[in-house]
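Written below as structure tokens is the structure these notes are about.
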Amino acid sequence: MKKYEIYLDLDGVCIDFLTSAFKIQGYDPEIIFAKWKATQPGELFPTLSIEKTPLEFFTNEALGEENFWRELKAYKWFSLLYTELNSFGNVMFLSAPSGAPGCLSGKHHWLTDYFGANFSEYIFTKHKDRLAHERAILIDDMPFNVSAFKARGGRAFLFPRIWNKLHSICEPTGYVLSNVERVLKG
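By numbering that gives the first Met the number 0, the letter at position 38 of the sequence shown is numbered 37, and the numbering carries on one by one without gaps.
See below:
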């Protein structure tokens, strides 16, 4: 029996929401990411690179379509990250739906398209912290999810991304895997 429940976030950790969200709204993701990295690393949203407010950007009508979510691309590190984490514990995808009409069904279909129709190792909730316990590990790119999970007695690791304090870590998978392995050996 595996000792830990490992909760793995989808957007920003396993699948690339932002590149598709930039493209569908007419932005060049390479330009936006380069400017973000140069002017606002660690900030949750590139306000200096996009004229839209975060609310306007994240509530864009195109982001409400099921196929937008279903067709998101996995990051290049996804397969390795998932495989390695599965060797450490029971991996459950833990993802917060955006509230957009097609988000929940699109994420569900993304998982079943990737893993098969019978795949059921996922939980969709905005209340990730409610799953925290002493044998639970959360891997998430959002600092507020990590801190809330820890506050409820779970272990959590911030996944390095341009929009959080670990933005300077170039190899996020190795960073996270080494931290999880350290906890398991501890």
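Virtual Cβ for every residue (Gly too), placed ideally from N, Cα, C.
As the structure is a prediction and not an experimental result, all values here were calculated from the model.
Practice task
Could you tell me which residues DSSP pairs with Asp-10 in its beta bridges?
Solution key: Bridge partners of Asp-10 according to DSSP: Ile-14.
Handout entry: alpha helix (DSSP H) segment containing Phe-77, residue limits
Key = 77 to 87
Practice task
Mind the definition here: the segment 63 to 81 touches the segment 95 to 108 only if three or more C-beta pairs lie below 8 Å; say whether that holds.
Solution key: yes
Handout entry: Ala-147, DSSP secondary structure in three states
Key = Correct three-state label for Ala-147: helix.
Problem - Three or more C-beta pairs below 8 Å linking the segment 20 to 30 and the segment 51 to 61 - result: yes
Practice task
Output yes or no for whether 8 Å exceeds the beta carbon distance between Ala-131 and Gly-115.
Solution key: no
Handout entry: Those residues which DSSP pairs with Leu-137 across a bridge
Key = Beta-bridge pairing by DSSP links Leu-137 to Tyr-6, Ala-155.
Practice task
Determine the DSSP secondary structure at Ala-61, reduced to helix, strand or coil.
Solution key: helix
Exercise for the section: Provide the residue span of the alpha helix (DSSP H) that contains Tyr-113, from first to last. Expected result: 102 to 114
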